[in-house]
Amino acid sequence: MYYEIRRYQTQPGRREEWVRYMEEVIIPFQTEQGMNVTASFIDDQDEDGYVWMRRFENESSSDALYAAVYEHDRWKNEIGPIVNSLLIPEKTVVTRVSPTPASPLR
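Per full-length UniProt numbering, the sequence shown runs over residues 1 to 106.
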């Protein structure tokens, strides 16, 4: 099992709009497709920063979930274009992490 920590930079001044879209559209959509979204944060030190986490059981599970979400017509035609208008995509940082043996996230 592993987690994916995703750090995004919103377009200047649009973080509140982004958080609303994440919570009302993106997270529910991804959850409906089977994605396990474990956390969502705003960055207290960066007014345009946003961080969220997803959990995956294994590599084949993540491949299937990525396909279910990002190859879905709704993502391609509706959600994806809005995401690209609210974020600065080239500033996205994705980190894959595994919990240590004593971690409560295990």
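Glycine included, every Cβ here is placed at the ideal spot set by N, Cα and C.
Measuring CB to CB, does residue i end up less than 8 Å from residue j?
i     : j     : result
Val97 : Tyr50 : no
Val94 : Glu4  : yes
Thr10 : Asp48 : yes
Ile79 : Ile26 : yes
Rounded to whole angstroms, what is the Cα-Cα separation between residue i and residue j?
i     : j     : result
Thr38 : Met53 : 5 Å
Gly13 : Asp46 : 11 Å
Lys91 : Ile42 : 16 Å
Tyr8  : Pro81 : 16 Å
Leu65 : Asp44 : 30 Å
With a threshold of 8 Å between beta carbons, is residue i in contact with chain D?
i     : result
Glu32 : Within the model displayed, chain D is absent; a lone protein chain is all it includes.
At what residues does the beta strand (DSSP E) containing residue i begin and finish?
i     : result
Arg96 : Val93 to Val97
In the stretch 10 to 56, which residue ranges form an unbroken alpha helix (DSSP H) of at least 4 residues, counting only runs that do not cross its ends? 15 to 21 and 27 to 32
State whether the stretch 80 to 92 contacts the stretch 6 to 21, with contact taken as three or more CB pairs (one from each stretch) at a distance under 8 Å. yes
Counting only runs that start and end within the stretch 65 to 90, where is the beta strand (DSSP E) found for 3 or more residues in a row? none
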